[in-house]
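Let me begin by presenting the structure, written as structure tokens, before commenting on it.
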Ligand SMILES: [Zn+2]
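See below:
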């Protein structure tokens with residue numbers, strides 16, 4: 007079930023799965039529920055932005071060693 | 003771990019190497035491949051540490067380590083997955099070991115934190131008008147946090163970060179089959195939790 011929701015089925019498996027859903031109400035309901043749960047997580051979990059100070063620290067990170075060396079060389 | 007550990011990172015690099023073309027190339031590539039994932043890493047760190055300061059430290063350490071070992075990153079593979087794995091290892095090695103009360107979640111703190119930082123995402127698609135849309139961010143977050151860590155983790159990695167089963171299996175060091183069954187069981191638990199919240203507010207949770 008999770009495999010289907012996460013798009014991890016092969017094309018053939020997916021066809022068989024869909025065929026089964028069309029015949030089996032139990033699985034159909036479970037499938038819809040599981041899909042909904044996944045959607046809720048995606049939509050409702052707040053995504054925070056990394057603080058600007060952190061971003062600039064990381065951006066500089068790859069230059070830090072260069073700068074330090076320049077300092078010592080001067 | 004102390005702050006000074008993270009402030010002076012790459013000592014082992016030889017001076018000759020520093021100004022070389024390769025080093026510049028590496029810096030550019032690192033920024034293009036790795037730094038672009040900073041928001042995802044920060045969110046993951048927040049989920050793990052439950053504390054903005056710790057999350058910052060964790061992300062910073064992760065990038066320092068990633069930069070140091072960037073040569074060992076397999077080009078063409080998912081860099082975000084590689085970074086997540088480093089972050090997770092860092093978390094296990096330093097943070098979790100040092101935490102005073104492991105596993106204890108301060109729900110008030112989470113709530114405060116959620117309110118303190120305003121959601122930048124307002125474009126939620128209200129496609130289906132059902133009771134789930136009445137759930138608040140906090141409730142979904144609390145429901146997620148209430149799950150045992152092994153379930154919570156795979157749900158985060160799969161549903162929030164969009165990793166494949168294979169990538170998740172590699173990150174949590176378990177077989178794909180385990181990831182699959184944790185996702186399945188975790189979502190079931192989560193759904194039950196969400197229905198509890200919805201019921202509390204008097205919504206009908208029967209599926210038609
Ligand atoms: Zn069935």
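Protein chains in written order, with the working numbering: chain X, 7 to 80; chain A, 3 to 210. Heads up, the beta-carbon is just placed ideally off N, CA and C, and yes, glycines get one too.
Exercise for review: Mind listing which residues have their beta carbon within less than 6 Å of any non-hydrogen atom of ligand 1? Chain order is fine.
Suggested key: X:26, X:30, X:32, X:33
Practice item. List the residues of chain A whose Cβ lies closer than 7 Å to the Cβ of residue 147 of chain X, in chain order. Key: Examination of residue 147 of chain X is not possible in this model, given that chain X is present from 7 through 80 alone.
**Study point:** Minimum Cβ-Cβ distance from residue 31 of chain X to chain A less than 8 Å
**Key:** Stepping through the first chain from its first residue, residue 31 of chain X is reached at position 25. Residue 31 of chain X does not count as touching chain A.
Point to revise | Validate contact between the segment 157 to 166 of chain A and the segment 43 to 61 of chain A using beta carbons, cut 8 Å, 3 pairs | key: yes
Check your understanding: Since residue 1 of chain A is in the alpha helix (DSSP H), which residue starts that stretch and which ends it?
Key -> There is simply no residue 1 of chain A to check, as chain A begins at 3 and stops at 210 in what is shown.
**Study point:** Cβ-based neighbour list, residue 27 of chain X, same chain, cut-off 8 Å, excluding 5 preceding and 5 following
**Key:** As a position in the first chain, residue 27 of chain X is number 21, starting the count at 1. The residues are 33, 34, 37.
Point to revise | For residue 36 of chain A, the nearest candidate out of A:88, A:193, A:81 (CA to CA) | key: Within the second chain, the letter at position 34 stands for residue 36 of chain A. Comparing Cα-Cα distances from residue 36 of chain A to each of A:88, A:193, A:81, the minimum goes to A:81.
Check your understanding: In three-state DSSP terms, what is residue 67 of chain X?
Key -> Translated into the one-based positions of the first chain, residue 67 of chain X becomes position 61. Correct three-state label for residue 67 of chain X: helix.
Practice item. Leaving out five residues on either side along the sequence, give the residues of the same chain with a beta carbon under 8 Å from the beta carbon of residue 1 of chain X. Key: What is shown of chain X runs 7 to 80, which leaves residue 1 of chain X out entirely.
Review point. Taking the alpha helix (DSSP H) that residue 54 of chain A falls in, what are its first and last residues?
Key: Stepping through the second chain from its first residue, residue 54 of chain A is reached at position 52. Taken as a continuous stretch (DSSP letters only), the alpha helix (DSSP H) holding residue 54 of chain A covers 54 to 70.
Check your understanding: Can you name the residues of chain X whose CB is closer than 9 Å to the CB of residue 199 of chain A?
Key -> As a first step, residue 199 of chain A is located in the second chain; it is residue number 197 there, counting from the start. In chain order: nothing, as chain X lies at least about 11 Å away.
Exercise for review: Find the nearest neighbour of residue 155 of chain A within the set A:201, A:22, A:170, judged by alpha-carbon distance.
Suggested key: Taking the second chain and counting its residues from 1, one reaches residue 155 of chain A at position 153. Of the listed residues, the one whose Cα sits closest to residue 155 of chain A is A:170.
Point to revise | Exposure of residue 24 of chain X, with buried meaning 16 or more beta-carbon neighbours within 10 Å | key: Counted from its first residue, the first chain places residue 24 of chain X at position 18. When all chains shown are included, residue 24 of chain X counts as exposed.
Check your understanding: How is residue 171 of chain A classed by DSSP in three states: helix, strand or coil?
Key -> Position 169 of the second chain, counting from 1, holds the residue named residue 171 of chain A. Helix at residue 171 of chain A.
**Study point:** C-alpha gap between residue 62 of chain X and residue 198 of chain A, whole angstroms
**Key:** Your numbering for residue 62 of chain X matches position 56 in the first chain. Your numbering for residue 198 of chain A matches position 196 in the second chain. If you take the alpha carbons of residue 62 of chain X and residue 198 of chain A, they lie about 42 Å apart.
Exercise for review: Leaving out five residues on either side along the sequence, give the residues of the same chain with a beta carbon under 7 Å from the beta carbon of residue 1 of chain A.
Suggested key: For residue 1 of chain A there is no data in the structure shown, the boundaries of chain A being 3 and 210.
Point to revise | Contact check, residue 149 of chain A vs residue 191 of chain A, beta carbons under 8 Å | key: The count along the second chain starts at 1 and reaches residue 149 of chain A at position 147. The count along the second chain starts at 1 and reaches residue 191 of chain A at position 189. Cβ atoms of residue 149 of chain A and residue 191 of chain A: closer than 8 Å.
Review point. Using a C-beta cutoff of 8 Å, does residue 186 of chain A count as contacting chain X?
Key: Taking the first residue of the second chain as position 1, residue 186 of chain A is located at position 184. True, the Cβ-Cβ gap to chain X drops below 8 Å.
Review point. Mind listing which residues of the segment 26 to 40 of chain A have their C-beta closer than 8 Å to chain X's C-betas, in chain order?
Key: 28, 29, 32, 33, 37, 40
Check your understanding: Shorter than 8 Å from the beta carbon of residue 16 of chain X to some beta carbon of chain A?
Key -> Indexing the first chain from 1 puts residue 16 of chain X at position 10. It does not: the Cβ of residue 16 of chain X has no partner Cβ on chain A nearer than 8 Å.
Practice item. Within the segment 154 to 202 of chain A, note down every full alpha helix (DSSP H) run reaching 4 residues or more, in order along the chain. Key: 167 to 174, 178 to 202
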